[in-house]
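Working notes, beginning with the structure itself.
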Ligand SMILES: CC(C)(COP(=O)(O)OP(=O)(O)OC[C@H]1O[C@@H](n2cnc3c(N)ncnc32)[C@H](O)[C@@H]1OP(=O)(O)O)[C@@H](O)C(=O)NCCC(=O)NCCS
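Residue numbers (the UniProt record's numbering): 1 to 161.
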């Protein structure tokens, strides 16, 4: 699918409802990974936070939430609504995050993902390499524990001058 009609825009705390809407559709409740409104607003008040929203026409289709501190950044949340998946919206969001990191001197982008999340294939396709594991970090609705994996990718920072 082509990404015709998809646009990206920066967001802020006023978009918390939009993010909640996408999270509710994108994150399987089995894993309890969607943040609450107060978690979201708490994190969005921190320095270095950036929210990027993808819209299909007027409709929210995805978002990426990133936090950067000096030359490191973490992709905290990424989600695309099921009806808009495999249309490169996730890729557009990650590419925009990477471009923004490069423009602001971030050298490494980190993330953490549940070890059985198919998003791992997506992240691998985007140049992220596994760098660590947190045993039994997630607890599913089935009561079982699942490992978390940490990934990172280098950012080619833009040359100055
Ligand atoms: C992961 C996610 C953001 C990907 O978004 P997307 O818009 O569907 O991704 P793209 O269309 O840009 O995918 C690009 C490539 O990544 C890979 N990919 C994406 N989703 C995949 C999946 N579920 N299984 C295997 N490979 C996948 C494919 O190689 C794909 O290319 P292709 O469609 O030509 O085969 C989306 O599936 C999602 O929101 N998942 C639920 C929330 C989540 O787990 N977020 C990450 C942890 S916070």
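C-beta atoms are modelled at their ideal positions from N, C-alpha and C, and glycine is treated no differently.
Roughly how many angstroms separate the alpha carbons of residue 11 and residue 51, rounded to a whole number? Note on geometry: alpha-carbon atoms of residue 11 and residue 51 lie some 5 Å from one another.
Alpha helix (DSSP H) containing residue 37: first to last residue? 37-44 is the span of the alpha helix (DSSP H), which, as asked, contains residue 37.
By Cβ distance below 8 Å, which residues in the same chain neighbour residue 57 in space, the five residues on each side in sequence not counted? For residue 57, the CB contacts under 8 Å within the same chain, skipping 5 residues up- and downstream, are 5 in chain order.
Check the C-beta distance from residue 26 over to residue 82 and give it rounded, since I have them as a contact under 8 Å. Your pair residue 26 and residue 82 checks out as a contact, with CB atoms roughly 7 Å apart and the cut at 8 Å.
Is the separation between the beta-carbon of residue 19 and that of residue 65 shorter than 9 Å? The answer is yes: Cβ separation under 9 Å.
Beta-carbon separation (whole angstroms), residue 59 vs residue 110, contact threshold 8 Å: About 30 Å separates the two Cβ atoms, so there is no contact after all.
How long is the line joining the alpha carbons of residue 145 and residue 139, rounded to whole angstroms? The straight-line gap separating the alpha-carbon atoms of residue 145 and residue 139 is approximately 4 Å.
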